[in-house]
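Step one of this worksheet: look at the structure below.
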Amino acid sequence: MALTKEQIAQRIAKELQDGYYVNLGIGIPTLVANYIPNGINVTLQSENGLLGMGPFPYEGEEDPDLINAGKQTVTTIPGSVFFDSAMSFGMIRAGKVDLTVLGAMEVSETGDIANWKIPGKMVKGMGGAMDLVAAAKNIIVAMMHTNPKGESKLLPQCTLPLTGVKCIRKIVTDLAVIDITEDGFKLIERAPGVSADEIRSKTVGTLIVDGDIPEMIF
Amino acid sequence: MALTKEQIAQRIAKELQDGYYVNLGIGIPTLVANYIPNGINVTLQSENGLLGMGPFPYEGEEDPDLINAGKQTVTTIPGSVFFDSAMSFGMIRAGKVDLTVLGAMEVSETGDIANWKIPGKMVKGMGGAMDLVAAAKNIIVAMMHTNPKGESKLLPQCTLPLTGVKCIRKIVTDLAVIDITEDGFKLIERAPGVSADEIRSKTVGTLIVDGDIPEMIF
Amino acid sequence: MNKVFKNADEAVKDIADGATIMMGGFGLCGIPENCIAALVKKDVKNITCISNNAGVDDFGIGLMLKNRQLKKMIASYVGENGEFERQLLSGELDVELIPQGTLATRCMAAGYGMPAVFTLAGVGTEVAAGKEVRNFNGRDYLLEMAFDSDFAIVKAWKGDKAGNLIYKETARNFNPMMAMAGKITIAEVEELVEPGELDPNIIHTPGIYVHRIFKGTGYEKRIENRTVRKRG
Amino acid sequence: MNKVFKNADEAVKDIADGATIMMGGFGLCGIPENCIAALVKKDVKNITCISNNAGVDDFGIGLMLKNRQLKKMIASYVGENGEFERQLLSGELDVELIPQGTLATRCMAAGYGMPAVFTLAGVGTEVAAGKEVRNFNGRDYLLEMAFDSDFAIVKAWKGDKAGNLIYKETARNFNPMMAMAGKITIAEVEELVEPGELDPNIIHTPGIYVHRIFKGTGYEKRIENRTVRKRG
Numbered sequence: 006m007a008l009t010k011e012q013i014a015q016r017i018a019k020e021l022q023d024g025y026y027v028n029l030g031i032g033i034p035t036l037v038a039n040y041i042p043n044g045i046n047v048t049l050q051s052e053n054g055l056l057g058m059g060p061f062p063y064e065g066e067e068d069p070d071l072i073n074a075g076k077q078t079v080t081t082i083p084g085s086v087f088f089d090s091a092m093s094f095g096m097i098r099a100g101k102v103d104l105t106v107l108g109a110m111e112v113s114e115t116g117d118i119a120n121w122k123i124p125g126k127m128v129k130g131m132g133g134a135m136d137l138v139a140a141a142k143n144i145i146v147a148m149m150h151t152n153p154k155g156e157s158k159l160l161p162q163c164t165l166p167l168t169g170v171k172c173i174r175k176i177v178t179d180l181a182v183i184d185i186t187e188d189g190f191k192l193i194e195r196a197p198g199v200s201a202d203e204i205r206s207k208t209v210g211t212l213i214v215d216g217d218i219p220e221m222i223f
Numbered sequence: 006m007a008l009t010k011e012q013i014a015q016r017i018a019k020e021l022q023d024g025y026y027v028n029l030g031i032g033i034p035t036l037v038a039n040y041i042p043n044g045i046n047v048t049l050q051s052e053n054g055l056l057g058m059g060p061f062p063y064e065g066e067e068d069p070d071l072i073n074a075g076k077q078t079v080t081t082i083p084g085s086v087f088f089d090s091a092m093s094f095g096m097i098r099a100g101k102v103d104l105t106v107l108g109a110m111e112v113s114e115t116g117d118i119a120n121w122k123i124p125g126k127m128v129k130g131m132g133g134a135m136d137l138v139a140a141a142k143n144i145i146v147a148m149m150h151t152n153p154k155g156e157s158k159l160l161p162q163c164t165l166p167l168t169g170v171k172c173i174r175k176i177v178t179d180l181a182v183i184d185i186t187e188d189g190f191k192l193i194e195r196a197p198g199v200s201a202d203e204i205r206s207k208t209v210g211t212l213i214v215d216g217d218i219p220e221m222i223f
Numbered sequence: 005m006n007k008v009f010k011n012a013d014e015a016v017k018d019i020a021d022g023a024t025i026m027m028g029g030f031g032l033c034g035i036p037e038n039c040i041a042a043l044v045k046k047d048v049k050n051i052t053c054i055s056n057n058a059g060v061d062d063f064g065i066g067l068m069l070k071n072r073q074l075k076k077m078i079a080s081y082v083g084e085n086g087e088f089e090r091q092l093l094s095g096e097l098d099v100e101l102i103p104q105g106t107l108a109t110r111c112m113a114a115g116y117g118m119p120a121v122f123t124l125a126g127v128g129t130e131v132a133a134g135k136e137v138r139n140f141n142g143r144d145y146l147l148e149m150a151f152d153s154d155f156a157i158v159k160a161w162k163g164d165k166a167g168n169l170i171y172k173e174t175a176r177n178f179n180p181m182m183a184m185a186g187k188i189t190i191a192e193v194e195e196l197v198e199p200g201e202l203d204p205n206i207i208h209t210p211g212i213y214v215h216r217i218f219k220g221t222g223y224e225k226r227i228e229n230r231t232v233r234k235r236g
Numbered sequence: 005m006n007k008v009f010k011n012a013d014e015a016v017k018d019i020a021d022g023a024t025i026m027m028g029g030f031g032l033c034g035i036p037e038n039c040i041a042a043l044v045k046k047d048v049k050n051i052t053c054i055s056n057n058a059g060v061d062d063f064g065i066g067l068m069l070k071n072r073q074l075k076k077m078i079a080s081y082v083g084e085n086g087e088f089e090r091q092l093l094s095g096e097l098d099v100e101l102i103p104q105g106t107l108a109t110r111c112m113a114a115g116y117g118m119p120a121v122f123t124l125a126g127v128g129t130e131v132a133a134g135k136e137v138r139n140f141n142g143r144d145y146l147l148e149m150a151f152d153s154d155f156a157i158v159k160a161w162k163g164d165k166a167g168n169l170i171y172k173e174t175a176r177n178f179n180p181m182m183a184m185a186g187k188i189t190i191a192e193v194e195e196l197v198e199p200g201e202l203d204p205n206i207i208h209t210p211g212i213y214v215h216r217i218f219k220g221t222g223y224e225k226r227i228e229n230r231t232v233r234k235r236g
């Protein structure tokens, strides 16, 4: 059965390691914060200028001067620190952020990503996405495997305007965990009850299926 | 009579204007701080990271964490601010410092300056001088008119390795105030009792003497 | 020299039609509410605005849009604004979308006296069109130019009469770099104190960058996306 | 992940012969006294040191010079050090003198993920030899490369166990940029506190840049140029 968005986030959270500094994009990526494994210390970076992002505030405790990059009210935790936008993107470009998780409209088998613009539709802007994908050490895409029309969002080449080239390493969808290798998409794990054949049928582009592919365990 | 070093500083202090941010080099330039005209507000920048430099501390009140670019113990004043070296030179390069006063070994009639290196002698380094001369909006050189051998320090071209090119606008020596113009050195004021002829005789390079040159008034 | 102005109207008095203005803030957080109101009142036109976002329909820079004061918007994200969309589609408004880090860094470059910077962001995308690409140590970078802005308008939490500023929490965002980058920098602050009342060790923007300062009033601090959790 | 080390000896344990080390401080102000002592004790050799100054004969980086541990010194000013002069003249020590602002900016570039920066400093001088000159808006700039340093060793006033740092007064100097620039950054602090004890709004170096932190002891804080005025 296909994963829920919560489960996609939960699966991605298993990639977290102790001491990681992590930037989580808007949407499914934000949910990853709810599944940080016990016993490890992960610090969340918000590119508007906060390291050590805490949970949403209790009602009545919202502080308009304290928001995340999604403009949501948030809180600090012990050890939090504020800084300006130049330093924030400086630390991203300098490779200090260990992992970035973000959504996508399309990902190509060479690791290109498109997630900011649809020709003919109003363009809202790339925000920090182009900086993040260009510079983060390690990027995981969290997305549904297919678009609302049922078409694969994994493609030989992106058709939409690019956000970044050759930058994505791993994709977690509602159907599969897929690594991007030199030879194309490589199936790593299947959603429980979803067959490799089903995943192949919903993936346009080279999908390497090497031996038995394990199911995800939650 | 030739000016004392204190008098050179005193003359330079007349160039200060209300609201100026000023960087004073080591030696005679440092003395300028003692002659800031009454009624105007001048803020001293020290390139090691201090804006709003106060006087030397009273004995027993020295703070090893609070020094100027000459590594002398100093104090703060109300409105002082500390910052790092990158921001300090950033504000210099961005033209935020209104006036820099520094010493020199040689100045050319096109505004080149040499003040950091003598071939054959141990080189101590340029410190912040190259940044200051390259980037300050307005630079005044404070120096003796001749070197200990009696040779002019004002020259058609510098003979020593340069600190900066075409950057000096004004020179105040023990004998004269000289502007650097497109046509060369231009005599603006004479030290009390020093004739234009004497200044000309001690200056190698074009010296424009246009009409009667006033004496400095203290 | 007195940097203290009476209010926003006085501080923006000489901003003329056609000016380029940097405006601090991220979304509606840390925006110069008083100066925006004064600019709307003054009805200055043909403004080029450099700001991360364009506000919402009825707040922030959105108020200037509604009043048709903007000729061009340079921003990284302009969602949440219907009037913006309308003016863009009708051709009344020119827009240049640039990556958020590039926006921050081009401000910073101006403040640090760097004419241009190299950045990874946008390589291989349409953002790179017409720009110089240069390889350093095996990676491609875009050459991006420092901004040149007539005015920078920033919002700080506390300021002193020498122009020293302290921002609060994430309301800092673009404000410090813009403060450094403006030819004329105007700061509005929630609290204006005497020089010496702020600890010199914790000032974010040294007063040398700030030409005008005034105590703002009536801050609404609207929250764009109020998100809360239930009490356990 | 624990960033807290017991002392300087533990913090510098893996610094090997031939390493490149950035060292914070301006003159003897804000230098990592504990780590310098530990490096002397460890007797690591052939070090390339990036630091604004080289200490004095018997203090600061001068102690490493005396112990002949340095292969190369990259600095802006190296006066006040007789041993330095001797080693330089004898060819034991290589030295690269660069403008102070260029030194700061090359550290900053590394910390901000910029491969290179353009600066006005040194144009037309011997510092420009072999470097690319480029004209922007009618002025010439030199292209200067970001530093690449194995370690950065900095000294802060207060730090917390998450690595957040606050410097004191002009002891800040090069420390923040170097902290951002090192592949491994080691911070020694006068006071080490729990996360949450430092105000998140006034931290100079966010902990993300700091890999190791320890509480230093026995700071001498020698004054290089004690200058006082008489009491009126």
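Residue numbers (this note's numbering), protein chains in the order written: chain R, 6 to 223; chain A, 6 to 223; chain Y, 5 to 236; chain B, 5 to 236. Glycine included, each C-beta is placed from N, C-alpha and C at the ideal position. Predicted model, so just to flag it, every value in this text is computed and none were measured.
By alpha-carbon distance to B:Asn-168, the top candidate from B:Ala-12, B:Gly-117, B:Leu-107, B:Asp-203 is B:Asp-203. Taking 9 Å as the CB threshold, R:Arg-174 stays off the interface with chain Y.
Within the region 149 to 219 of chain Y, the alpha helix (DSSP H) runs of at least 4 residues that lie entirely inside it are, in chain order, 179 to 185. When Cβ-Cβ separations below 9 Å define contact, B:Met-77 makes no contact with chain Y.
Residues Tyr-145 of the same chain have their beta carbon placed closer than 6 Å to that of B:Arg-138, with the five preceding and five following residues left out of the count.
Look at Y:Val-60 here: in three-state DSSP terms it is strand. Here the C-alpha atom of A:Leu-165 lies approximately 17 Å from the C-alpha atom of B:Pro-103.
For R:Gly-169, DSSP records a beta bridge to R:Ile-118.
Following the DSSP letters along the chain, one finds B:Phe-122 inside the beta strand (DSSP E) bounded by residues 120 to 123. Chain-order list of chain A residues neighbouring B:Ile-227: Glu-67, Pro-69, Thr-78, by C-beta distance under 7 Å. An exposed status is given to B:Leu-93, since fewer than 16 other beta-carbon atoms sit within 10 Å of its beta-carbon.
For the region 83 to 109 of chain Y, there are no residues whose beta carbon sits under 9 Å from a beta carbon of chain A. Inter-residue distance for Y:Met-27 and Y:Met-182 is about 7 Å (C-alpha atoms, whole angstroms). Within the same chain, and ignoring the five residues on either side of A:Met-135 in sequence, the residues whose Cβ sits closer than 7 Å to its Cβ are Thr-168, Gly-169. In this chain, the beta strand (DSSP E) harbouring A:Ser-85 covers 81 to 87. Under DSSP, B:Asn-229 forms a beta bridge with A:Gln-77.
The residue from B:Ala-132, B:Arg-226, B:Thr-174 with its alpha-carbon nearest to that of B:Leu-124 is B:Ala-132. B:Lys-76 is bridged by DSSP to B:Thr-52, B:Asp-98. Residue burial annotation: A:Pro-42 is exposed, with fewer than 16 other C-beta atoms found within 10 angstroms of its C-beta.
Annotated three-state conformation of Y:Ile-25 is strand, per DSSP. Y:Ile-217 sits close to Y:Lys-7, with the two beta carbons spaced by under 9 Å. Distance from the CA atom of Y:Thr-129 to the CA atom of Y:Glu-148, rounded to whole angstroms, is 14 Å. Around R:Gly-130, the beta-carbon contacts reaching into chain Y at under 8 Å are Ala-79, Ser-80, Tyr-81, Val-82, Gly-83, Leu-101. Shortest Cα-Cα distance from Y:Pro-36 to any of Y:Gly-22, Y:Ala-23, Y:Gly-66, Y:Lys-49 involves Y:Gly-66. When Cβ-Cβ separations below 9 Å define contact, B:Ile-170 makes contact with chain Y. For B:Ala-42, the enclosing alpha helix (DSSP H) stretches over residues 37 to 46. The beta-carbon separation of Y:Arg-176 and Y:Phe-63, rounded to 20 Å, does not stay under the 8 Å limit for a contact.
Within its own chain, the residues whose Cβ lies closer than 7 Å to the Cβ of R:Asp-89, once the five positions on either side in sequence are excluded, are Gly-54, listed in chain order. The distance from the Cβ of B:Leu-69 to that of B:Asn-56 is about 15 Å, inconsistent with a contact at the 8 Å cut-off. Here A:Asn-28 is near A:Thr-105, since their CB atoms are less than 9 Å apart. Using a Cβ distance threshold of 9 Å, R:Glu-64 and Y:Lys-45 do not count as a contacting pair.
A Cβ of chain B is located within less than 9 Å of the beta carbon of Y:Ala-120. Secondary structure note for A:Asp-136: its alpha helix (DSSP H) is the uninterrupted segment 134 to 140.
According to the DSSP assignment, A:Arg-195 belongs to the beta strand (DSSP E) that extends over 189 to 195. Among the residues facing chain Y, R:Asn-43 is not included, as its CB has no counterpart in that chain under 9 Å away.
According to the DSSP assignment, B:Met-112 belongs to the alpha helix (DSSP H) that extends over 104 to 115.
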